[in-house]
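Novice: Below are the structure tokens for one structure; questions will follow.
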Amino acid sequence: MPLQPGKLYIVATPIGNLQDISLRLQTTLQEVNIIAAEDTRRTRQLCNHLNIEKPNLIRCDETKEEHTAPALIKNLELGQSIALVSDAGTPCIADPGWKVVELARKHNIPVFPICGPSAITSALSIAGFPATPFTFYGFLDKKKSRSQNTLQTMFTSPHTSIFFEFPYRIEKTITQMQDIEPSRVICMIREISKKYEQSHYGTVEQIGQQLTTTKGEWSIVISPNHDRFRA
Numbered sequence: 206m207p208l209q210p211g212k213l214y215i216v217a218t219p220i221g222n223l224q225d226i227s228l229r230l231q232t233t234l235q236e237v238n239i240i241a242a243e244d245t246r247r248t249r250q251l252c253n254h255l256n257i258e259k260p261n262l263i264r265c266d267e268t269k270e271e272h273t274a275p276a277l278i279k280n281l282e283l284g285q286s287i288a289l290v291s292d293a294g295t296p297c298i299a300d301p302g303w304k305v306v307e308l309a310r311k312h313n314i315p316v317f318p319i320c321g322p323s324a325i326t327s328a329l330s331i332a333g334f335p336a337t338p339f340t341f342y343g344f345l346d347k348k349k350s351r352s353q354n355t356l357q358t359m360f361t362s363p364h365t366s367i368f369f370e371f372p373y374r375i376e377k378t379i380t381q382m383q384d385i386e387p388s389r390v391i392c393m394i395r396e397i398s399k400k401y402e403q404s405h406y407g408t409v410e411q412i413g414q415q416l417t418t419t420k421g422e423w424s425i426v427i428s429p430n431h432d433r434f435r436a
């Protein structure tokens with residue numbers, strides 16, 4: 206009989222609160238042969254929390270994914286099962302992983318999602334804007350001209366838009382948004398599911414004046430281009 210290929214599991218991990226760990230996540234990480242991790246140190250801490258002894262961890266971050274993917278596929282073809290995880294949230298969504306999945310699909314490897322917390326849907330659920338449809342932009346480009354063009358696209362869109370931002374760039378991003386349309390209503394959430402979670406709702410100008418801290422990971426939701434969402 207030909208050897209049956211292993212299974213590739215795309216495992217969503219907590220985005221800040223370990224109480225969000227599901228039994229399915231725990232079982233999957235316990236039973237797979239290999240855990241391909243964005244940061245093996247972070248994933249080892251998660252495995253320790255779950256009492257998983259001596260996990261077989263392989264680094265698969267953005268810089269190594271292209272090189273690591275063929276080796277992972279070889280293991281899958283030999284019948285081993287692999288869990289792909291990022292530092293937090295779902296792999297392939299503003300995180301490494303899609304190249305591994307692409308190669309697995311090309312080799313007819315079964316791929317399964319292990320669902321978990323999502324900063325995207327969490328932010329959309331509390332923003333107060335229509336979420337169907339919406340567009341997710343990931344992180345803005347580091348180059349100002351490109352990030353400005355992306356923001357301009359969001360502000361002119363008839364649909365809700367969402368993106369992530371780093372704490373060290375949040376003030377500059379707010380300034381860019383104020384230059385585009387200070388009266389547009391937005392919702393900004395930081396540290397979703399963590400101890401110091403905070404959300405800000407109001408116009409770009411209002412939030413820019415009220416913001417007292419830039420610390421933490423930010424999810425920013427921009428309302429549709431409609432008079433209903435202008436002040």
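Straight run, no breaks: the sequence shown in the working numbering ends on number 436.
Note that beta-carbon positions come from the ideal geometry of N, C-alpha and C, so glycine has one too.
Since the model is a prediction, treat every value here as computed from it, not as a measurement.
Are PRO429 and PHE368 touching if we call contact CB-CB under 8 Å?
Specialist: As a first step, residue 429 must be located in the sequence shown, where it is residue number 224. As a first step, residue 368 must be located in the sequence shown, where it is residue number 163. No; because the gap between Cβ atoms is not below 8 Å, this pair is not in contact.
Novice: Could you check how far apart the C-beta atoms of VAL305 and ALA217 are, in whole angstroms? I think they sit under 8 Å.
Specialist: The count along the sequence shown starts at 1 and reaches residue 305 at position 100. The count along the sequence shown starts at 1 and reaches residue 217 at position 12. Actually they do not touch by this definition, with Cβ atoms about 15 Å apart.
Novice: I want to know whether the stretch 308-325 touches the stretch 281-300 - three or more CB-CB distances under 8 Å.
Specialist: Result yes; three or more Cβ-Cβ pairs closer than 8 Å.
Novice: Taking Cβ positions, are TYR214 and LEU289 nearer each other than 8 Å?
Specialist: Within the sequence shown, residue 214 is the residue found at index 9, counting from 1. Within the sequence shown, residue 289 is the residue found at index 84, counting from 1. Taking 8 Å as the Cβ cut-off, TYR214 and LEU289 qualify as a contacting pair.
Novice: With distance defined between alpha-carbon atoms, name the residue in VAL426, ARG433, HIS272, PRO318 nearest to LEU329.
Specialist: Stepping through the sequence shown from its first residue, residue 329 is reached at position 124. For the residues VAL426, ARG433, HIS272, PRO318, the minimum Cα distance to LEU329 belongs to VAL426.
Novice: Please determine, among THR232, LYS348, LEU416, the residue with the shortest C-alpha to C-alpha distance to MET393.
Specialist: Your numbering for residue 393 matches position 188 in the sequence shown. The shortest Cα separation from MET393 among THR232, LYS348, LEU416 belongs to LEU416.
Novice: Using only alpha-carbon positions, find the residue among LYS279, ARG229, LYS349, SER404 that is nearest to PRO318.
Specialist: In the sequence shown, residue 318 corresponds to position 113, counting from 1. When only C-alpha atoms are compared, the closest one is ARG229.
Novice: Excluding sequence positions up to five away, which residues of its chain have a Cβ less than 8 Å from the Cβ of GLU270?
Specialist: Counted from its first residue, the sequence shown places residue 270 at position 65. Correct list, in chain order: PRO301, GLY302, LYS304, VAL305.
Novice: State the start and end residues of the unbroken alpha helix (DSSP H) segment that holds GLN381.
Specialist: For the purposes of this step, residue 381 is taken as residue 176 along the sequence shown, with counting starting at 1. 375-385 is the span of the alpha helix (DSSP H), which, as asked, contains GLN381.
Novice: Between the stretch 276-286 and the stretch 237-252, are three or more C-beta pairs nearer than 8 Å?
Specialist: Flag = yes, the stretch 276-286 and the stretch 237-252 touch.
Novice: Quick check on the burial criterion: 16 or more other C-beta atoms within 10 angstroms. Buried or exposed for GLU243?
Specialist: The residue you call residue 243 lines up with position 38 of the sequence shown. Its Cβ being crowded by 16 or more others within 10 Å, GLU243 is buried.
Novice: In whole angstroms, what separates the C-alpha of PRO338 from that of LYS259?
Specialist: In the sequence shown, residue 338 corresponds to position 133, counting from 1. In the sequence shown, residue 259 corresponds to position 54, counting from 1. Whole-angstrom Cα-Cα distance: 43 Å.
Novice: Who does HIS405 pair with in a DSSP beta bridge?
Specialist: Taking the sequence shown and counting its residues from 1, the one referred to as residue 405 is at position 200. MET393.
Novice: How far does the alpha helix (DSSP H) with PHE360 in it reach, from first residue to last?
Specialist: Against the sequence shown, residue 360 aligns to sequence position 155. Looking at the DSSP string, the run of the alpha helix (DSSP H) that includes PHE360 is 349-361.
Novice: Using a Cβ cut-off of 8 Å (strictly closer), state whether ALA309 contacts chain C.
Specialist: Among the chains in the structure shown there is no chain C, since it carries only a single protein chain.
Novice: Can you tell me where the alpha helix (DSSP H) holding LEU345 begins and where it ends?
Specialist: Translated into positions along the sequence shown, residue 345 becomes position 140. No alpha helix (DSSP H) contains LEU345, which DSSP labels as neither H nor E.
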